[in-house]
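S.K.:
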Ligand code: FES
């Protein structure tokens, strides 16, 4: 075998043997999101500040705003621009992203960019003393 043939053979072998490792490193490690109703906190927790953040709920990240008596809304607080966590501003009734100032209405729709896609929303209700949500 000539030196050039040997180097080509070794080079192809190296690429072929490292491909599965590269694919595994790029694959997503996220846990599946439940499509059922999930408890994300208590109505007492929600009523204390008018918002309830459950970053690791089985339904995915959830931010519930409102009170147990009225105006309940739940969104996925992950900004659709680059993934920062939006905050609820009760005085202006908007979700505001701290990274690049995108703003979303209480329905999750974009009011100001750079984000172009709405926040994902959840159906939300109070059952007993629990706040429960379900992807909508
Ligand atoms: S990550 Fe939210 S505006 Fe950029």
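Numbering (mature numbering (1 follows the signal peptide of the UniProt record, and there is no 0)), first residue to last: -24 to -1, 1 to 112. Cβ atoms here follow ideal geometry from the backbone N, Cα and C, with glycine treated the same way. Please read these numbers as outputs of a predicted model, since none were measured by experiment.
If contacts are defined as beta-carbon pairs under 8 angstroms, then residue 39 and residue 100 qualify, I think. What distance do you get, rounded to the angstrom?
M.R.: Rounded, the Cβ-Cβ distance is 10 angstroms, inconsistent with contact.
S.K.: Suppose you measure from the CA of residue 74 to the CA of residue 64; what does that come to, to the nearest Å?
M.R.: C-alpha of residue 74 to C-alpha of residue 64: approximately 11 angstroms in a straight line.
S.K.: For the beta strand (DSSP E) containing residue 22, name the first residue and the last one.
M.R.: It is not in any beta strand (DSSP E) - residue 22 instead sits in the alpha helix (DSSP H) that spans 19 to 25.
S.K.: Could you check the C-alpha separation between residue 86 and residue 55 for me, to the nearest Å?
M.R.: Between residue 86 and residue 55, the C-alpha separation is close to 10 angstroms.
S.K.: Please tell me whether residue 44 and residue 22 are closer than 8 angstroms, where the distance is taken between their beta carbons.
M.R.: yes
S.K.: Going by other Cβ atoms of all chains shown within 10 Å of its Cβ, with 16 needed for buried, is residue 58 buried or exposed?
M.R.: exposed
S.K.: May I ask you to report which of helix, strand or coil DSSP gives residue 100?
M.R.: strand
S.K.: In its own chain, which residues sit with a C-beta less than 6 angstroms from the C-beta of residue -6, not counting the 5 before and 5 after it?
M.R.: Here the model assigns residue -6 a pLDDT of 44, short of 50, so the residue's position is not dependable and the matter cannot be decided.
S.K.: For the ligand FES, I want to know if residue 53 counts as a neighbour, meaning its beta carbon is within less than 7 angstroms of at least one of the ligand's heavy atoms.
M.R.: no
S.K.: Which ranges would you report for the beta strand (DSSP E) in the region 43 to 70 if only whole runs of at least 3 residues count?
M.R.: Runs of the beta strand (DSSP E) inside the region 43 to 70: 49 to 51 and 63 to 65.
S.K.: What would DSSP say about residue -3, mapped onto helix, strand or coil?
M.R.: Residue placement at residue -3 is flagged as unreliable, the pLDDT there being 43, under the threshold of 50; a coordinate-derived value is accordingly withheld.
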